[in-house]
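Since the structure comes first, as structure tokens, the remarks are kept for the end.
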Amino acid sequence: MPAFSLPPPPFRRVYPTRAFVLWALLRAGMFVIWVLFRAAMLSDGTITAGEPVREIIVLSGPATVGLVVLIGILGDIDARRRDEYVFLANLGIRRITVPLISGAVAAVAELLLRAFPW
Amino acid sequence: MVAPVFAAEAMWKSFGPRPILRDASAWAFPGSVTVLLGRNGCGKSTLLRCAMGYLRTFAGVVIFREARYDRPSLARLAADGLFYLADRRLLARGLTLRQHLSALQHRYPDAAAEAALDLYRTAPFQDRRPHELSGGEERRAELTVAAARAPACLIADEPFRGLAPLDAEVVSQGLRTLAERGAAVLITGHEVHQLLALGDHIIWMTGGTTHYLGTPAQALEHRLFRWDYLTATF
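Shown next, in the form of structure tokens:
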């Protein structure tokens, strides 16, 4: 048995899609929170308008790693909640595969955000 | 007697201070159906979960197709030809039976989906998702996936649970056919009449351990088994 096997279709498509949607929702949530904080700080004069966009969109290294790990854990919980692990195991797919796929999708998305010239 | 293709040997397991398995074993023999019987809560499902690697044991070993697994994992066993049908849901909620069979065939190119659909009469609802099926249809759909794998060993925890008599008959015939094709089938349940009629070997679980009782006829002659598990009027 190979050490690591990807799930066959349609599961191969399902887990990256779920991970991307989750990542997008978390990022959107973070952005909304940032907008609300920023509005509050602008109104009380803590900051002034015109902050660079990149510093807001690109997370620090530890925060990026934390987000990737979080999405991996949530991917695992979601697959467990949907009772999908027994079927995947019957396909010879190890349990670690789903959190690894979820985390990898989040990591790629974060890298693309970093690479974009904000 | 033919050597077992699957053996979970000498399993020990406790939940906290409460011992569940004490030197419990189960076997599955090629070309036959083995039935694991025992009272509610005696540890049948725990024994199977331990054998599949879902629960850690203090001691015990799984032997499948002459390979030894000190720390068994279903993914490894399945890649080698075992299929495990748990007592809970098998099919992914968002996917149809056809998609499950497609995934199975992608992974195992020799999977026989059409024959399995015929065997369990599930072709009419292969485009439905699990939540669109009745309990009996869903169980037959799960067994369809199991049969499509053409496993060397099928381990099914309570395959008859909640089935109407007609569905149970279809499942019974399907399991028998699988065994006739050479698979080793190991099942649990409480549908005693159905299981004794289907089984070739009976294993009785009591007090956390297991006893091989032989054929169903031999099991029915076992006084303690009759007294402890079957009713006096059986």
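Which chain is which? The protein sequence lines are A and B, in order. Just so we're aligned, residue 90 is where the first sequence starts under this note's numbering, counting upward by one. Just so we're aligned, residue 57 is where the second sequence starts under this note's numbering, counting upward by one. All C-beta atoms, glycine included, are put in the ideal place defined by N, C-alpha and C.
Considering only B:Ala-59, B:Val-61, B:Trp-83 and B:Gly-72, the residue with the shortest C-alpha distance to B:Met-261 is B:Trp-83. Here B:Ser-101 carries a helix assignment [DSSP, helix/strand/coil]. Secondary structure at A:Pro-188: helix, using DSSP grouped into helix, strand and coil.
With a beta-carbon spacing of about 5 Å, B:Ala-169 and B:Ala-204 fall inside the 8 Å limit used to define contacts. The beta carbons of A:Thr-186 and A:Phe-93 sit about 7 Å from each other, so the pair counts as a contact at 8 Å. Excluding the 5 residues flanking it on each side, B:Phe-139 has same chain C-beta neighbours closer than 6 Å at Ala-202, Arg-205, Pro-207 and Leu-210, in chain order. Our two residues, B:Leu-231 and A:Leu-200, have alpha carbons roughly 51 Å apart in a direct line. Between B:Ala-159 and A:Asp-165, the alpha-carbon positions lie close to 20 Å from each other. DSSP places A:Ile-122 outside any beta strand (DSSP E); the residue lies instead in the alpha helix (DSSP H), whose first and last residues are 100-132. By the 16-neighbour rule on beta-carbons within 10 angstroms, B:Gln-274 is exposed. Shown in chain order are the members of the region 117-148 of chain B whose Cβ falls below 9 Å from a Cβ of chain A: Ser-129, Leu-130, Ala-131, Arg-132, Leu-133, Ala-134, Ala-135, Asp-136, Leu-138, Phe-139, Tyr-140, Leu-141, Ala-142, Arg-144, Arg-145, Leu-146, Leu-147 and Ala-148.
Counting along the chain, B:Arg-74 sits inside the beta strand (DSSP E) bounded by residues 74-84. Legend: CB atoms of the region 171-182 of chain A lying less than 7 Å from CB atoms of chain B belong to residues Arg-171, Asp-172, Glu-173, Val-175, Phe-176, Ala-178, Asn-179, Leu-180, Gly-181 and Ile-182. Annotated three-state conformation of B:Arg-132 is helix, per DSSP. Across the set B:Arg-132, B:Ala-131, B:Ala-134 and B:Gly-94, the C-alpha of B:Gly-94 shows the shortest separation from the C-alpha of B:Leu-280. B:Ala-220 carries a coil assignment under DSSP once its states are collapsed to helix, strand and coil.
Cα atoms of B:Glu-194 and B:Tyr-125: separation of roughly 31 Å, rounded to the nearest angstrom.
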